[in-house]
Amino acid sequence: MNIFRFAGDMTHLISVLVLLLKIYATKSCSGISLKTQELYALVFLTRYLDLLTDFISIYNTVMKLIFIASSLAIVWCMRVHPIVRRSYDKDLDTFRHYFLVAASFILALLVNEKFGFQEVFWAFSIYLEAVAILPQLVLLQRSGNVDNLTGHYIFFLGAYRALYILNWIYRYFMETHFSRWIACIAGLVQTALYADFFYYYYISWKNKAKLQLPA
Amino acid sequence: LPDEKRHDEL
Chain A
947 MNIFRFAGDM THLISVLVLL LKIYATKSCS GISLKTQELY ALVFLTRYLD
997 LLTDFISIYN TVMKLIFIAS SLAIVWCMRV HPIVRRSYDK DLDTFRHYFL
1047 VAASFILALL VNEKFGFQEV FWAFSIYLEA VAILPQLVLL QRSGNVDNLT
1097 GHYIFFLGAY RALYILNWIY RYFMETHFSR WIACIAGLVQ TALYADFFYY
1147 YYISWKNKAK LQLPA
Chain B
16 LPDEKRHDEL
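From first to last, the protein sequence lines are chains A and B.
Quick note on our numbering: the first sequence kicks off at 947 and runs consecutively.
Quick note on our numbering: the second sequence kicks off at 16 and runs consecutively.
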């Protein structure tokens, strides 16, 4: 484990905690895309299939359980919690995310490290995570103004995979036969999708103004 | 799986 990877995991954990804080503190999920949250739950459930079969470390297992539990808890809150679910922007969150699932699965069948059950689902989770933020970014542009916590949530979510890219570069030079081309290319695409958000987030931070995305 | 092939990341 290198510092980039650890920083990436902590940033990812912070993003989840910020979202849980937003939902818990404001009892509202306005501005949050349920579709993106459902895609993340699917990403973790399909990526961590090796949770029971392949023990890496306590840290690895604990973090996997945290990500699975938190993503399911957020989906539950937005779908079932009597107060939170009322603030869901149902008519703004209209991205056809099933296409993202289908495309990722087809790509995973074609491009994977090994044509096996776990490997295909692992590749599927990598591809799906790369595009899972799209419904959220579309909702953001439609809903215009963004509350602070939601802005921070998306910022940390985008930053974590950027740190993972540094981790892959580091491992590529430090470890002999390290290759994670699938994760690395998907990670680059994933981070690139946040490019314009990062720009507007920086502008709002520099001008001490509210985060505004152009409609 | 041999070590380098395992998915040791999150």
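For each residue, glycine too, the CB sits at the ideal point set by N, CA and C.
All of these numbers come straight from a predicted model, not from anything done at the bench.
- Contact with chain B is absent for Trp1127/A, since none of that chain's Cβ atoms lies less than 7 Å from the residue's Cβ.
- In the structure shown, Asn1006/A falls within a helical segment according to DSSP collapsed to helix, strand and coil.
- Under the Cβ distance rule, Met956/A does not count among the residues neighbouring chain B, no pair being separated by less than 7 Å.
- Neighbours of Asn1006/A in chain B, taken as residues at a C-beta separation under 8 Å, are given in chain order as Asp23, Leu25.
- Between Asp1039/A and Ser979/A, the gap from beta carbon to beta carbon is short of 7 Å.
- For Gln1158/A, the beta-bridge partners assigned by DSSP are Asn1091/A.
- Put simply, the segment 1133-1150 of chain A does not touch the segment 982-991 of chain A. Fewer than three CB pairs are less than 8 Å apart.
- Residue contact check for Ile1002/A against chain B: a CB pair falls below 7 Å.
- Counting only Cβ-Cβ distances below 8 Å, Lys1152/A has no contacts in chain B at all, with the closest Cβ about 32 Å away.
- When the Cα atoms are used, Asn1006/A and Asn948/A turn out to be separated by approximately 14 Å.
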